[in-house]
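Residue numbering for the sequence shown is 142 to 439, as defined by this note's numbering.
A short worksheet on the structure shown next.
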Amino acid sequence: MPVTTRAKLDTLFPGWDNSAVIDLNDLRVFATVAALLNFSAASRSLGMPKSSVSRSIARLETTLGTRLLQRTTRDVALTEFGAALQERCVDILARLDDTIDYVGSLGTGSPRGVLKVSAGIGFGINVLSGVLPQFLERYPDVQVSLELTSRSVDLVAESVDVAIRLGPMPDSQLVAKRLGSMPRYLCAAPKYLERRGWPRILEDLHDHDAVEMPGVDGRPRRWTFSGDGEARTIEVRPRLTVNEALTIHRLVVNGVGIGCLSGYLCAPDLGTGQIVRLLPEWAMPALEVSVVFPSHRE
142 MPVTTRAKLD TLFPGWDNSA VIDLNDLRVF ATVAALLNFS AASRSLGMPK SSVSRSIARL
202 ETTLGTRLLQ RTTRDVALTE FGAALQERCV DILARLDDTI DYVGSLGTGS PRGVLKVSAG
262 IGFGINVLSG VLPQFLERYP DVQVSLELTS RSVDLVAESV DVAIRLGPMP DSQLVAKRLG
322 SMPRYLCAAP KYLERRGWPR ILEDLHDHDA VEMPGVDGRP RRWTFSGDGE ARTIEVRPRL
382 TVNEALTIHR LVVNGVGIGC LSGYLCAPDL GTGQIVRLLP EWAMPALEVS VVFPSHRE
């Protein structure tokens, strides 16, 4: 078939917007970036400015209605749809109709395919497990691959589409959108309090065992409180540190020490009396909940 620089999508796919067109030069740029996984190298290979390469990729993604690359300042990785397009681009000029038909089916506007999600173990068990059934019912063509982990996942390197993060967001090339916040409470089990006594004032915490996340570079652990217009910071003595919130919660329930627990973890046990809230007149900072994803995410 003759090679043209632009192919009308409406002639290939009935139902597509008549004004939507796909530029074959953009496909060539994409194929080069996908092969090299580096915008600078692709720019040199194509003999065009890096900014033009970026605009070409963005234009192609907009036209097809799906994201092809996950990228930060330093890294580039193919999405599921990007990998599929790369495979077809090997013989793009000879098989143009077949290629556009394939990619067009991925970009129909209705979400479909595999959505890879990363979240903390406790949040996944206690929160996501309750909302995912409704999500899957709403989007029947989406399959969710949920990875629960205590580590901070590199979304681009590990081809993760979206992650749920708790706490303040560090400076990052990732896009972060705040979902809300969750309260945190100072809690202990009755059997621990029978053994060690109740803290009556904040200073009493110095003499109690804490169950906490590991500190940074061996620095002391500090809990921050506010109440009656006053902010206070108390240094605590961890008896045991662990890098996973659900395990901290279970250790507190089992009487190991006092812990700062997220509301989504401790609410059921507060209701049954397995743990009790301490010093309720002092509030702890709420835990920010954010969804993060690579830039240019749909």
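By construction, the Cβ of each residue, glycine as well, lies at the ideal position given by its N, Cα and C atoms.
It should be emphasised that the depicted structure is a prediction, and the values quoted were computed from it without experimental measurement.
Considering only DSSP beta bridges, list what residue i is partnered with.
i: cysteine 407; result: Note: cysteine 407 sits in no beta bridge, so no partner.
i: aspartate 350; result: Arg378
i: valine 301; result: Per DSSP, none; premise fails for valine 301.
i: tryptophan 364; result: Ile375
i: valine 316; result: Phe434
i: glycine 356; result: Bridge partners of glycine 356: none, in fact.
i: leucine 178; result: Its beta-bridge partners do not exist; DSSP assigns none.
i: glycine 370; result: Note: glycine 370 sits in no beta bridge, so no partner.
i: arginine 391; result: Answer is none; arginine 391 lacks a bridge partner.
i: arginine 212; result: Val217 and Ser436
i: leucine 402; result: Tyr326
Determine the DSSP secondary structure at residue i, reduced to helix, strand or coil.
i: arginine 292; result: coil
i: glutamine 284; result: strand
i: threonine 207; result: coil
i: proline 421; result: coil
i: glycine 308; result: coil
i: leucine 226; result: helix
i: leucine 273; result: helix
i: threonine 220; result: coil
i: glutamate 335; result: helix
i: glycine 412; result: helix
i: leucine 256; result: strand
i: glycine 396; result: coil
i: arginine 185; result: helix
i: glycine 263; result: helix
i: glutamate 429; result: strand
i: arginine 341; result: coil
i: arginine 196; result: helix
i: alanine 329; result: strand
i: tryptophan 157; result: Per-residue confidence for tryptophan 157 stands at a pLDDT of 33, beneath the threshold of 50, marking its modelled position as unreliable; no derived number is given.
Mind reading off the beta-carbon distance from residue i to residue j? Whole number of angstroms is fine, and I expect it under 8 angstroms.
i: aspartate 350; j: glycine 398; result: 4 angstroms
i: leucine 387; j: glycine 263; result: 4 angstroms
i: valine 433; j: valine 316; result: 7 angstroms
i: proline 309; j: glutamate 429; result: 6 angstroms
i: leucine 346; j: isoleucine 375; result: 5 angstroms
i: glycine 261; j: serine 291; result: 7 angstroms
i: tryptophan 423; j: glycine 368; result: 4 angstroms
i: serine 184; j: glutamine 314; result: About 19 angstroms; that fails the 8 angstroms criterion.
i: isoleucine 389; j: valine 352; result: 5 angstroms
Going by CA-CA distance only, name the one from the options that's closest to residue i.
i: valine 170; options: Ser181, Trp364 and Ser197; result: Ser197
i: glycine 123; options: Gly265, Asp302 and Ile266; result: Absent from the model: residue 123. The displayed extent of the chain is 142 to 439, so no value can be given.
i: glutamate 385; options: Leu406, Phe366, Gly396 and Thr374; result: Leu406
i: glutamate 202; options: Met189, Lys191 and Leu219; result: Leu219
i: asparagine 395; options: Phe434, Glu335 and Gln314; result: Glu335
i: arginine 253; options: Asn267, Leu419, Arg208 and Asp295; result: Arg208
i: valine 383; options: Leu343, Gly400 and Ala372; result: Gly400
i: arginine 380; options: Ile416, Leu226 and Met354; result: Met354
i: arginine 373; options: Leu269, Pro426 and Ile416; result: Pro426
i: leucine 307; options: Ser431, Ala172, Leu226 and Phe180; result: Ser431
i: lysine 191; options: Ser270, Thr173, Thr204 and Lys318; result: Thr173
i: asparagine 179; options: Gln211, Trp423 and Leu269; result: Gln211
i: leucine 320; options: Val268, Asp295 and Leu205; result: Val268
i: tyrosine 333; options: Ile416, His390 and Gly206; result: Ile416
i: serine 300; options: Asp216, Thr204, Arg200 and Ala183; result: Asp216
i: glycine 404; options: Gly188, Ser322, Leu187 and Leu226; result: Ser322
i: glutamine 227; options: Leu168, Gln275 and Leu402; result: Leu168
i: leucine 343; options: Val377, Gly271 and Leu273; result: Val377
i: arginine 341; options: Leu205, Pro421 and Leu273; result: Pro421
i: methionine 189; options: Asn166, Ala176, Gly206 and Leu205; result: Asn166
Check whether the Cβ of residue i sits closer than 7 angstroms to any heavy atom of the ligand ZN, and report yes or no.
i: serine 436; result: Among the components modelled here there is no ligand, and therefore nothing to report on the ligand ZN.
Inter-stretch contact at 8 angstroms, needing at least 3 Cβ pairs: the stretch 253 to 265 / the stretch 287 to 294 = yes
Would you check if the stretch 399 to 419 and the stretch 328 to 345 touch, i.e. whether three or more CB-CB distances between them fall below 8 angstroms?
-> yes
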